[in-house]
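Chemist:
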Ligand code: TRP
Ligand code: SF4
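In our numbering, the protein residues as written are 473 to 878.
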């Protein structure tokens, strides 16, 4: 696969650090489900990444992995549309991480915002490790090894995708520059039909001189359509169009998930570390109890005190779950104090429990027979590994450590 195909591929991962919650469902999984129909999607369990922040808490990793995949399946991700796999089952990620680590300046890693941020925030953890500093290099390897063009993530992961782009660019600069690049491009052009070669040259000039991206993209597509071009020559011609040398590892783009506000049951952002989550497939009684005790607009001390939904964390949740009419009912009743908060919360509790029931039903076959989950993961991991191996062949050859007989 070469650089333009990367436009068809989408990849993302999650760390297996505990039960998924409704924040994951609305903030991430629903988006993944949509993408599975648009792209060739690879979704994986980042179990090595889980170790970077908690190397001593490994008891739950396997259980969390299975639970997580069951939730993915229940949310509507399909193993026939996507490839599900486990990071540690594709050891090529580690090989690429080592190779990328050689060209990644230490200062880039120290500058990643989440590095200092997590160091300061997670002060009960030992983050003074090589592994934690290298977190973004491992993530870059995860992405680049599949030559994924699209990486759906939340804003908190944007800096990691950005550094993956920088690492890819540096790799291509260091290892994509063949001494005979120019003459190799000429040779590759000569192999083409002369009309096609002329088109490519024209597009290259239009992009270089006038920044004509459309011309460049059309030319990239043309290269992809040519059946008898070797992978090496394809990469050279793509690199010629970009003006970069060979593109061995295409730069990925972050597909930033629109921030859905899913507040936790304490009104702060829902996250596991804040212990304010509403897990998926939770007991209905626990759901009602958690919602009933959620804080509301502090102005509504008594049932007769009017309130403002904009100041109420429950309302932010209601926006994810209620119809327009129901929201109008909430707004009206809150401002006029025509009902109390407990009554206002009832439709929300029902809607969440209905969603949970749907998830529970969809999850049931997998909960009953976890072997199905295991085989989905094993098959997916094998498939992912084939792609990863292909990339590694190119990577080793570009560096000059294939060690094949000449
Ligand atoms: N760092 C991501 C998170 O904590 C998980 C992750 C690991 C990832 N590798 C990835 C996400 C590659 C996207 C692409 O959420
Ligand atoms: Fe929030 Fe509803 Fe209470 Fe208003 S009435 S403060 S929207 S829970």
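Beta carbons: idealized from backbone N, C-alpha and C, even for Gly.
Would you kindly work out how many angstroms separate the C-alpha atoms of residue 604 and residue 596, rounded to a whole number?
Modeler: Residue 604 sits at position 132 when you count from the first residue of the chain shown. Residue 596 sits at position 124 when you count from the first residue of the chain shown. The alpha-carbon atoms of residue 604 and residue 596 are separated by roughly 14 Å.
Chemist: Can we say the segment 796-811 touches the segment 722-733, given the rule of at least three CB pairs closer than 8 Å?
Modeler: They do not touch, by the three-pair rule.
Chemist: Give me, in chain order, the residues of the same chain whose beta-carbon lies closer than 6 Å to that of residue 489; leave out the 5 immediate sequence neighbours on both sides.
Modeler: Counting from one through the chain shown, the residue named residue 489 turns up at place 17. Result list for residue 489: 522, in chain order.
Chemist: Could you compute how far the alpha carbon of residue 473 sits from the alpha carbon of residue 619?
Modeler: Within the chain shown, the letter at position 1 stands for residue 473. Within the chain shown, the letter at position 147 stands for residue 619. Since pLDDT at residue 473 reaches only 48, below the 50 mark, its modelled position is unreliable, and the value read off the structure follows with that caveat. If you take the alpha carbons of residue 473 and residue 619, they lie about 8 Å apart.
Chemist: Helix, strand or coil for residue 554 per DSSP?
Modeler: Indexing the chain shown from 1 puts residue 554 at position 82. Looking at residue 554 - three-state DSSP - the assignment turns out to be strand.
Chemist: Roughly how many angstroms separate the alpha carbons of residue 823 and residue 673, rounded to a whole number?
Modeler: Residue mapping note: residue 823 aligns to position 351 of the chain shown, counting from 1. Residue mapping note: residue 673 aligns to position 201 of the chain shown, counting from 1. When rounded, the distance between both Cα atoms is 59 Å.
Chemist: Measure the Cβ-Cβ separation of residue 545 and residue 835 and say whether it is below 8 Å.
Modeler: Numbered from its first residue, the chain shown carries residue 545 at position 73. Numbered from its first residue, the chain shown carries residue 835 at position 363. Yes, these two residues count as a Cβ contact at 8 Å.
Chemist: Near the ligand SF4, which residues have their beta-carbon less than 6 Å from any of its heavy atoms, given in chain order?
Modeler: Per the Cβ criterion, the list is 768, 769, 772, 779, 781, 784, 786, 787, 802, 806, 813, 816, 817.
Chemist: What's the gap between the Cα of residue 549 and the Cα of residue 815?
Modeler: Here residue 549 corresponds to residue number 77 of the chain shown, with the count starting at 1. Here residue 815 corresponds to residue number 343 of the chain shown, with the count starting at 1. Each residue's alpha carbon lies about 35 Å from the other.
Chemist: Ends of the alpha helix (DSSP H) at residue 786?
Modeler: Mapped onto the chain shown, residue 786 falls at position 314. Taken as a continuous stretch (DSSP letters only), the alpha helix (DSSP H) holding residue 786 covers 785-793.
Chemist: Measure from the alpha carbon of residue 511 to the alpha carbon of each residue in 779, 552, 487, then state which is nearest.
Modeler: Here residue 511 refers to the residue found at position 39 of the chain shown. The option with the nearest alpha carbon to residue 511 is 552.
Chemist: Answer yes or no: the CB of residue 860 versus the heavy atoms of the ligand TRP, is any distance below 7 Å?
Modeler: Within the chain shown, the letter at position 388 stands for residue 860. Flag unset: Cβ of residue 860 not near the ligand TRP.
Chemist: Starting from residue 481, trace the alpha helix (DSSP H) both ways and give me its first and last residue.
Modeler: Residue numbering aside, residue 481 sits at position 9 when the chain shown is read from its first letter. Residue 481 -> not in any alpha helix (DSSP H); beta strand (DSSP E) instead, spanning 481-486.
Chemist: So if DSSP puts residue 727 in a beta bridge, which residue, or which two residues, is it bridged to?
Modeler: To locate residue 727, count along the chain shown from 1; it is residue 255. 624, per the DSSP bridge assignment.
Chemist: Just mark residue 680 as buried or exposed, buried being the case when its beta carbon has 16 or more other beta carbons within 10 Å.
Modeler: Stepping through the chain shown from its first residue, residue 680 is reached at position 208. Residue 680 is exposed by the Cβ-count criterion.
Chemist: Report back the beta-carbon spacing between residue 881 and residue 856 to the nearest angstrom; my notes put them in contact at under 8 Å.
Modeler: Any answer about residue 881 is impossible in this case: the structure gives the chain only from 473 up to 878.
Chemist: What I want to know is whether the C-beta of residue 505 ends up closer than 7 Å to one or more non-hydrogen atoms of the ligand TRP.
Modeler: Position 33 of the chain shown, counted from the start, is the residue given in the question as residue 505. Checking every heavy atom of the ligand TRP against the Cβ of residue 505, none is found closer than 7 Å.
Chemist: So for residue 751, helix, strand or coil by DSSP?
Modeler: Residue mapping note: residue 751 aligns to position 279 of the chain shown, counting from 1. Residue state, collapsed to three classes: strand.
Chemist: Mind checking which residues open and close the alpha helix (DSSP H) that includes residue 881?
Modeler: No answer is possible for residue 881: it lies beyond the span of the chain, which begins at 473 and ends at 878.
Chemist: Tell me whether residue 515 sits in a helix, a strand or coil according to DSSP, three-state version.
Modeler: Residue mapping note: residue 515 aligns to position 43 of the chain shown, counting from 1. In this structure, residue 515 counts as strand in the three-state DSSP scheme.
Chemist: Note down, one range per segment and in chain order, each alpha helix (DSSP H) of at least 4 residues found wholly within the segment 551-594.
Modeler: DSSP runs (the alpha helix (DSSP H)) wholly in the segment 551-594: 564-575, 578-583, 585-593.
Chemist: Do three or more CB pairs link the segment 715-727 to the segment 630-644 at distances below 8 Å?
Modeler: The segment 715-727 is in contact with the segment 630-644.
Chemist: Taking Cβ positions, are residue 880 and residue 781 nearer each other than 8 Å?
Modeler: The chain is shown only over 473 to 878; residue 880 falls outside these bounds and no answer can be derived.
Chemist: I'd like the list of long-range same chain contacts for residue 495, defined as Cβ closer than 6 Å, with 5 residues on each side in sequence excluded.
Modeler: In the chain shown, residue 495 corresponds to position 23, counting from 1. Taken in chain order, the residues that qualify are 734, 742.
Chemist: Grab me the residues of residue 649's own chain with a C-beta within less than 7 Å of its C-beta, minus the 5 sequence neighbours each way, in chain order.
Modeler: Against the chain shown, residue 649 aligns to sequence position 177. If we look at residue 649 and ignore the five residues flanking it on each side, its Cβ neighbours are 717.
Chemist: Indicate whether residue 599 and residue 611 have their beta-carbon atoms separated by less than 8 Å.
Modeler: As a first step, residue 599 is located in the chain shown; it is residue number 127 there, counting from the start. As a first step, residue 611 is located in the chain shown; it is residue number 139 there, counting from the start. Contact: no.
Chemist: Keeping to the same chain, check which residues put their C-beta closer than 6 Å to that of residue 517; ignore five residues upstream and five downstream.
Modeler: For this step, residue 517 is matched to residue 45 along the chain shown. Answer for residue 517: 488, 537, 558, listed in chain order.
Chemist: Between residue 484 and the ligand TRP, is there a pair consisting of the residue's CB and a ligand heavy atom that are separated by less than 7 Å?
Modeler: Here the question's residue 484 lines up with position 12 in the chain shown. Yes, since a heavy atom of the ligand TRP falls inside the 7 Å radius drawn around the Cβ of residue 484.
Chemist: In whole angstroms, give me the CA-to-CA distance for residue 581 and residue 772.
Modeler: For the purposes of this step, residue 581 is identified with residue 109 of the chain shown, where counting begins at 1. For the purposes of this step, residue 772 is identified with residue 300 of the chain shown, where counting begins at 1. Going from the Cα of residue 581 to the Cα of residue 772 covers about 47 Å.
Chemist: Just to confirm my understanding: we take residue 505, look at its own chain, exclude 5 residues before and 5 after, and list those with CB closer than 7 Å. What are they?
Modeler: The residue you call residue 505 lines up with position 33 of the chain shown. Excluding sequence neighbours, residue 505 sits near 547, 548, 549.
Chemist: Do residue 615 and the ligand TRP come close, with the Cβ less than 7 Å from some heavy atom?
Modeler: Within the chain shown, the letter at position 143 stands for residue 615. Yes, the beta carbon of residue 615 sits closer than 7 Å to at least one heavy atom of the ligand TRP.
Chemist: From 684, 583, 664, pick the residue whose C-alpha is nearest to that of residue 632; which is it?
Modeler: Residue numbering aside, residue 632 sits at position 160 when the chain shown is read from its first letter. Measuring from the Cα of residue 632, the nearest candidate turns out to be 583.
Chemist: With burial defined as no fewer than 16 other Cβ atoms inside 10 Å of the residue's Cβ, what is the status of residue 562: buried or exposed?
Modeler: Here residue 562 refers to the residue found at position 90 when the chain shown is read from its first residue. The residue in question, residue 562, is buried, as its Cβ has 16 or more Cβ neighbours within 10 Å.
Chemist: Hey, how far is the Cα of residue 568 from the Cα of residue 866?
Modeler: Indexing the chain shown from 1 puts residue 568 at position 96. Indexing the chain shown from 1 puts residue 866 at position 394. Whole-angstrom Cα-Cα distance: 11 Å.
Chemist: Apart from the five residues just before and just after residue 807, which ones in its own chain have a Cβ nearer than 6 Å to its Cβ?
Modeler: In the chain shown, the residue the question calls residue 807 occupies position 335. Around residue 807: 778.
Chemist: Let me check understanding here. Comparing Cα to Cα, which of 713, 678, 677, 702 lies closest to residue 693?
Modeler: The sequence position of residue 693 within the chain shown is 221, counting from 1. When each option's Cα is compared against that of residue 693, the closest is 713.
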